[in-house]
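Visitor: Questions regarding the structure given below will be posed in turn.
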Amino acid sequence: AQKVTQAQTEISVVEKEDVTLDCVYETRDTTYYLFWYKQPPSGELVFLIRRNSFDEQNEISGRYSWNFQKSTSSFNFTITASQVVDSAVYFCALSGDGSGNTGKLIFGQGTTLQVKP
Amino acid sequence: DTAVSQTPKYLVTQMGNDKSIKCEQNLGHDTMYWYKQDSKKFLKIMFSYNNKELIINETVPNRFSPKSPDKAHLNLHINSLELGDSAVYFCASSSDGNSPLHFGNGTRLTVT
Chain A
1 AQKVTQAQTE ISVVEKEDVT LDCVYETRDT TYYLFWYKQP PSGELVFLIR RNSFDEQNEI
61 SGRYSWNFQK STSSFNFTIT ASQVVDSAVY FCALSGDGSG NTGKLIFGQG TTLQVKP
Chain B
1001 DTAVSQTPKY LVTQMGNDKS IKCEQNLGHD TMYWYKQDSK KFLKIMFSYN NKELIINETV
1061 PNRFSPKSPD KAHLNLHINS LELGDSAVYF CASSSDGNSP LHFGNGTRLT VT
């Protein structure tokens, strides 16, 4: 079955701490895509990153970095030196319906990150 | 300038009423979607259209009917609203099934 699990429901850190958001997925597809989205308190959904199943290179974008490991079916997201503006709900998502068809995003339950000053 | 716009932003209505949410994208994307976010923040796909053709139709009650007059528009009509329909509804678009989704700002529907 297609499934995304974000085991951390809520995380609270103090500004400047590093924080890692976990994401574990299940899929029958051999080709698939993984995503992270951010939902700040204002409510919009903001795309952060897409990774395809054949590219296991880690990615860094400023204070954000992503660690994709097919061996453990994980796609974790780390924020370095967190800031108050990072406070949001973060969603991990998987594309595909398990039969090789894309176009359907399966979202994890989301992790609420609170960064305190 | 807005990429994906949906209206209204807030919708408060009584049980049994019929309402519509409109969505338009100016990104030239072929695929549009409706997602529902419940009170626990869980996001679930409802429908997707590719070039005006229905591609994905999840197990959504028949009271929900999407309509795509052209590939830039995907509206959602809901008949006989129920309390459980209260949620935030997000419209989205993408260039293809593997591309990132661009979401609208959401419509918060409250059924009383």
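Going down the list, the sequences are from chains A and B. No gaps in the numbering here: position 42 of the first sequence is 42 in the working numbering, and each next residue is one more. No gaps in the numbering here: position 10 of the second sequence is 1010 in the working numbering, and each next residue is one more. Even for Gly, the Cβ is constructed at its ideal location relative to N, Cα and C. Keep in mind it's a predicted model, so treat the numbers as computed, not measured.
Smallest Cα separation from isoleucine 1056 of chain B: which of B:Arg1063, B:Ile1045, B:Asn1098, B:Phe1064?
Guide: B:Ile1045
Visitor: Starting from leucine 1076 of chain B, follow the beta strand (DSSP E) in both directions and report where the run begins and ends.
Guide: 1073 to 1078
Visitor: Which residues in chain B sit within 7 Å of arginine 50 of chain A, going by Cβ to Cβ distance?
Guide: Pro1100
Visitor: Which residues of chain A have a Cβ atom closer than 7 Å to the Cβ of isoleucine 1045 of chain B, listed in chain order?
Guide: Lys104, Leu105
Visitor: Taking 8 Å as the threshold, find out whether the region 16 to 36 of chain A comes into contact with the region 44 to 52 of chain A through three or more Cβ pairs.
Guide: yes
Visitor: Does the beta-carbon distance from lysine 1036 of chain B to glycine 110 of chain A come in below 8 Å?
Guide: no
Visitor: From threonine 1007 of chain B to threonine 27 of chain A, what distance separates their C-alpha atoms?
Guide: 35 Å
Visitor: Taking the C-alpha atoms as reference points, what is the distance between phenylalanine 1103 of chain B and glutamine 69 of chain A?
Guide: One C-alpha to the other measures close to 27 Å.
Visitor: Does the Cβ of proline 1066 of chain B have 16 or more other Cβ atoms within 10 Å, making it buried, or fewer, making it exposed?
Guide: Classification for proline 1066 of chain B: buried.
Visitor: By DSSP's criteria, tyrosine 64 of chain A is part of a beta bridge. Which residues make up the other side?
Guide: A:Ser61, A:Ile79
Visitor: Give the single residue among B:Lys1052, B:Leu1043, B:Ser1039, B:Lys1022 whose Cα lies nearest to the Cα of phenylalanine 135 of chain A.
Guide: Residue 135 of chain A is absent from the structure shown; chain A starts at 1 and stops at 117.
Visitor: For asparagine 1075 of chain B, count neighbouring C-beta atoms within 10 Å of its own C-beta (all shown protein chains included) and say buried if the count is 16 or more, exposed if not.
Guide: So asparagine 1075 of chain B counts as buried.
Visitor: Does serine 95 of chain A come within less than 8 Å of chain B when only Cβ atoms are used?
Guide: yes
Visitor: I need the DSSP call for lysine 191 of chain A, collapsed to helix, strand or coil.
Guide: This structure gives no information on residue 191 of chain A, because the portion of chain A shown stretches from 1 to 117.
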